[in-house]
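In the working numbering, the protein residues as written are -10 to 270. Where is the CB? At the ideal position from N, CA and C, for every residue including glycine. One structure below.
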């Protein structure tokens, strides 16, 4: 009798204690799901910020300078240049007499607005001189920037002028001694344009092998018209006299008007598109 009731008691205990625990653990939800679970990603309408990769970003070349600035000046005392007179402060600007005023570097740096000005050491250090006191100057950053910008512009303009007036940039125009007037006028216009730009021009004169031979008077007239074009351009001249034979093969080198760095005359040549140096007959 007792043996027959054993399964019933076991089943009753299972249903009373084990089964509820299993059911609860299966349906149990995690605490704070919005914190512990991974946030759901929603499509964003905001445009993503793109950044240029480091190896594609432009980098400015390191600045090369020979003067020390601000905290690079390690001397405790300095002499200061007067920004108005250009002489050391304490020295009479007219007579040059007097002792220069000695300043503490820290005091100058503390009183100076480093956003708009900088302290520049004008005289180089003397490593073996422990009593050396450098000469310094307070420089406006804006004025220094404008000055450097102007200097670079002048150097660039100077390079353009040298490129135009150099022997390598010399233009060549070929003429036939028996050239017709229309073609001659066109070639002379080319020569005048080059001379106006300040260029050097080599005029090559020759006769065609199977063409008409020009007379001496015609050859002299062609040469005279070329010289007339040179006379119309202020400052232009014959760089090299006629070399060769009149009526045969000859060359004449002309020099265009002088161009100064910063002058506007070279602008046309700088913007002019590249063209054939040799004007063929």
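Buried or exposed, going by whether 16 or more other CB atoms sit within 10 Å of the CB of residue 160? Buried, since its Cβ has 16 or more Cβ neighbours within 10 Å.
When you compare the region 185 to 192 with the region 231 to 246, are there three or more beta-carbon pairs, one atom per stretch, that lie closer than 8 Å? The region 231 to 246 and the region 185 to 192 touch, with three or more beta-carbon pairs separated by less than 8 Å.
Go ahead and pull the three-state DSSP assignment for residue 131. Per DSSP, reduced to three states, the secondary structure at residue 131 is helical.
So, at 8 Å on beta carbons, what are the nonlocal neighbours of residue 115 in its own chain, with the 5 sequence-adjacent residues on each side left out? Hits under 8 Å: 121.
Measure the C-alpha to C-alpha separation of residue 88 and residue 75 and round it to an integer number of angstroms. The alpha-carbon of residue 88 is positioned some 15 Å away from that of residue 75.
Could you check what DSSP says for residue 203 in three-state terms: helix, strand or coil? Three-state result, residue 203: coil.
How would you call residue 5, buried or exposed, if buried means at least 16 neighbouring beta carbons within 10 angstroms? Burial call: exposed.
Please state whether DSSP places residue 86 in a helix, a strand or coil. The answer is coil: DSSP assigns residue 86 none of H, G, I, E or B.
Alpha-carbon to alpha-carbon, residue 144 and residue 93: Per the coordinates, the alpha-carbon of residue 93 lies some 38 Å from the alpha-carbon of residue 144.
Per DSSP, cross-strand counterpart(s) of residue 195: Under the DSSP definition of a beta bridge, residue 195 partners with 165.
Using the three-state DSSP reduction, which class does residue 143 fall into: helix, strand or coil? Assignment of residue 143 by DSSP, reduced to helix, strand and coil, places it in the helix class.
What are the partner residues of residue 70, as DSSP defines its beta bridges? According to DSSP, which records beta bridges pairwise, residue 70 is partnered with 77.
Under 8 Å between C-beta atoms, does residue 170 make it to chain D? As a matter of chain content, chain D is missing from the structure shown, which is built from one protein chain.
Can you tell me which of the three DSSP states residue 230 falls into? Residue 230 falls in the strand class under three-state DSSP.
Within the chosen definition, does the region 204 to 211 reach the region 130 to 150 through at least 3 CB pairs nearer than 8 Å? The region 204 to 211 is not in contact with the region 130 to 150.
Short check: CB of residue 112 to CB of residue 124, under 8 Å? In this structure, residue 124 lies closer than 8 Å to residue 112 by Cβ.
Supposed contact pair residue 224 and residue 272 - C-beta distance, whole angstroms, cut 8 Å: A query on residue 272 cannot be resolved here, the shown segment of the chain reaching from -10 to 270 and no further.
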